[in-house]
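Asks: One structure is given below, represented as structure tokens, and several questions about it will come after.
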Amino acid sequence: MIKDWEAGRHKPKDPYRILYSRIFGINDHELFSDDALATPFDMTADTTAWTPLPASASTGMSASTASTGDPRRQSADMEAMQAFRTADLQVGGGHLYASVVKYLETELGPRLFGIHGDESDTVFVAATALTEMAGWMAHDSGRDLLAEQHFDRALSLAKATDDRHLTAHILSSKSHLASHLRNADKAIELARIGQEFLRGSPNGILSARLFAMEARGYAGMGKADECLQLLKRAEEALEKGPAEKISHWVSNFDMGSLASEAAWSMAQLGNATETRRHAERIVSLRPVHRTRSRAFGRITLASACVQLGRFDEACTVTQEVLGSTQSLGSFLIIKKLHNLKLALASSGAVDSRTVRELIAQLEAVLEERLWLYQWLSQDEKRQVGRSCEL
Numbered sequence: 155m156i157k158d159w160e161a162g163r164h165k166p167k168d169p170y171r172i173l174y175s176r177i178f179g180i181n182d183h184e185l186f187s188d189d190a191l192a193t194p195f196d197m198t199a200d201t202t203a204w205t206p207l208p209a210s211a212s213t214g215m216s217a218s219t220a221s222t223g224d225p226r227r228q229s230a231d232m233e234a235m236q237a238f239r240t241a242d243l244q245v246g247g248g249h250l251y252a253s254v255v256k257y258l259e260t261e262l263g264p265r266l267f268g269i270h271g272d273e274s275d276t277v278f279v280a281a282t283a284l285t286e287m288a289g290w291m292a293h294d295s296g297r298d299l300l301a302e303q304h305f306d307r308a309l310s311l312a313k314a315t316d317d318r319h320l321t322a323h324i325l326s327s328k329s330h331l332a333s334h335l336r337n338a339d340k341a342i343e344l345a346r347i348g349q350e351f352l353r354g355s356p357n358g359i360l361s362a363r364l365f366a367m368e369a370r371g372y373a374g375m376g377k378a379d380e381c382l383q384l385l386k387r388a389e390e391a392l393e394k395g396p397a398e399k400i401s402h403w404v405s406n407f408d409m410g411s412l413a414s415e416a417a418w419s420m421a422q423l424g425n426a427t428e429t430r431r432h433a434e435r436i437v438s439l440r441p442v443h444r445t446r447s448r449a450f451g452r453i454t455l456a457s458a459c460v461q462l463g464r465f466d467e468a469c470t471v472t473q474e475v476l477g478s479t480q481s482l483g484s485f486l487i488i489k490k491l492h493n494l495k496l497a498l499a500s501s502g503a504v505d506s507r508t509v510r511e512l513i514a515q516l517e518a519v520l521e522e523r524l525w526l527y528q529w530l531s532q533d534e535k536r537q538v539g540r541s542c543e544l
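Just add 154 to the spot in the sequence shown (first one is 1) and you have my numbering.
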């Protein structure tokens, strides 16, 4: 469809004219005029910087509802996303990233840009949600630059939808990545923009997530008071619940999720006691099938125990992690295990036989698991724990 349009062979039908106009931020008549076809469009222009529409400009649709299309296709896309999401929680993004990208290219791509494309914006919602999901899987695979590109692309696609919840969700994801990459100011700014999107369609779950993302930003700055206040607001928002039904395309954020963000924030602030408390809460709230979440919680718990001098507990918890993550494809878990190994090696218990044996076991496990990430350079593998603290 795009090639035919650019070649002047035909213009998109009305639904696509509206959607592409939203994405490119250009008036419908200007974008599809004969003069416009004669002038190449700058596809490298920044199309991600945009502000939320005021409530009065809403189409009147629910923030969580897209216009109707083929219900069978929409159901299939939803089922695919749920299947990817469930598998991701158990086996990690490293095993699934290629599959999600393939689904985007083979299932959604032709419907977005093919001659016989989908006649509604439901396909844009599906493409937006799955592109955002691909970003998280790239992040879990250690490809943060690629993750950022996916998030930016998802935010651009979101312009073609009426799903304000999904847009706020993507901004939350961008904020999370920004704090991971040590850009605290950007993390805070993105979280606040996300809250603006919820003004006309309040939702406690999304608001809580955005408060938690803002808290992460302040934790990165070392501002404990602001961080704690925002974590408290996030908890209150979760307890209050959604004022409006959340979009089906948005992943859940619950007390276990909040405990994870709080543990990360407390670790950034150097508060080992609170880090340990929140990490224990993660493990208690996450069922056994949530392999990656429990691994994050346990590694964070073990790291806090090392700081607190509870070395026997740290060793026991670490052994549990190694046993439960053998099939987990998560580069983030590998980085956390590497950082834990460094913490043990520099601790006062390094003379303990148990600790020395665990360090040797961690080295062997890390070498084996890093072999799976052949796309990493040798320098990147050697520096696995020197970049961004998790």
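We put the beta carbon where it would ideally sit given N, CA and C, even for glycine.
#1: Which one of Trp418, Arg370, Arg363, Thr282 has the shortest CA to CA distance from Leu258?
#2: Using only CA atoms, which one of Ala345, Ala312, Leu360, Val519 lies nearest to Tyr372?
#3: Are at least three pairs of beta-carbons, each pair with one atom in the stretch 286-294 and one in the stretch 365-384, less than 8 angstroms apart?
#4: Could you please give the first and the last residue of the uninterrupted alpha helix (DSSP H) stretch that includes Gln349?
#5: Mapping DSSP to helix, strand and coil, what is His402?
#6: Could you name the residues of the same chain whose beta carbon sits closer than 8 angstroms to that of Leu124, not counting the 5 residues immediately before and after it, in chain order?
#7: Is the distance from the Cβ of Phe465 to the Cβ of Ala499 below 8 angstroms?
#8: So what's Tyr527 in DSSP terms, helix, strand or just coil?
#9: Going by beta carbon distance, what residues of the same chain come within less than 7 angstroms of Leu423, once the five residues before and after it are set aside?
#10: Along the chain, where does the alpha helix (DSSP H) containing Glu389 start, and where does it finish?
#11: Looking only at its own chain, which residues have a Cβ that is under 7 angstroms from the Cβ of Ile513, when we skip the five neighbours before and after it?
#12: Expressed to the nearest angstrom, what Euclidean distance is found between the alpha-carbon atoms of Ala241 and Arg353?
#13: Among Val245, Gly395, Val254, whose alpha-carbon lies nearest the alpha-carbon of Glu233?
#14: Please report how far the alpha carbon of Gln473 lies from the alpha carbon of Thr479, in whole angstroms.
#15: Could you give the DSSP three-state label for Ala292: helix, strand or coil?
#16: Between Gln244, Ser327, Leu299, Ala449, which has its C-alpha nearest Leu284's C-alpha?
#17: Identify every run of the beta strand (DSSP E) within the stretch 416-501, keeping only runs that are complete inside it and at least 3 residues long; order them along the chain.
#18: Compute the distance between the beta-carbons of Phe407 and Arg363, then report whether it is under 8 angstroms.
#19: Count the other CB atoms, across all protein chains shown, that sit within 10 Å of the CB of Trp525; report buried if there are 16 or more and exposed otherwise.
#20: Quick check: the Cα distance between Leu491 and Gly247, rounded to an integer number of angstroms?
#21: Is DSSP giving Arg318 helix, strand or coil here?
#22: Can you tell me which of the three DSSP states Gly354 falls into?
#23: What do you reckon, are the CB atoms on His249 and Gly483 nearer than 8 angstroms?
#24: What is the rounded straight-line gap between the Cα of Gly263 and the Cα of Ala301?
Replies: The relevant details are as follows:
#1: Checked all of Trp418, Arg370, Arg363, Thr282; the closest Cα to Leu258 is Thr282.
#2: Selected option, being the one with the closest Cα: Ala345.
#3: No: the two stretches stay apart, fewer than three of their Cβ pairs being nearer than 8 angstroms.
#4: 338-351
#5: Correct three-state label for His402: coil.
#6: Within the shown structure, residues of the chain are numbered from 155 to 544, placing residue 124 beyond reach of any answer.
#7: The answer is no: Cβ separation not under 8 angstroms.
#8: coil
#9: The answer, listed in chain order, is Ala373, Gly376, Ala378, Cys381.
#10: 378-394
#11: Lys495, Leu498, Ala499
#12: Approximately 33 angstroms, taken between the alpha carbons.
#13: Val254
#14: 10 angstroms
#15: helix
#16: Ranked by Cα distance from Leu284, the first of Gln244, Ser327, Leu299, Ala449 is Ser327.
#17: none
#18: In this structure, Arg363 lies closer than 8 angstroms to Phe407 by Cβ.
#19: With fewer than 16 Cβ atoms within 10 Å of its Cβ, Trp525 is classed as exposed.
#20: Cα to Cα, Leu491 sits roughly 17 angstroms from Gly247.
#21: helix
#22: coil
#23: yes
#24: So the alpha carbons of these two residues sit roughly 19 angstroms apart.
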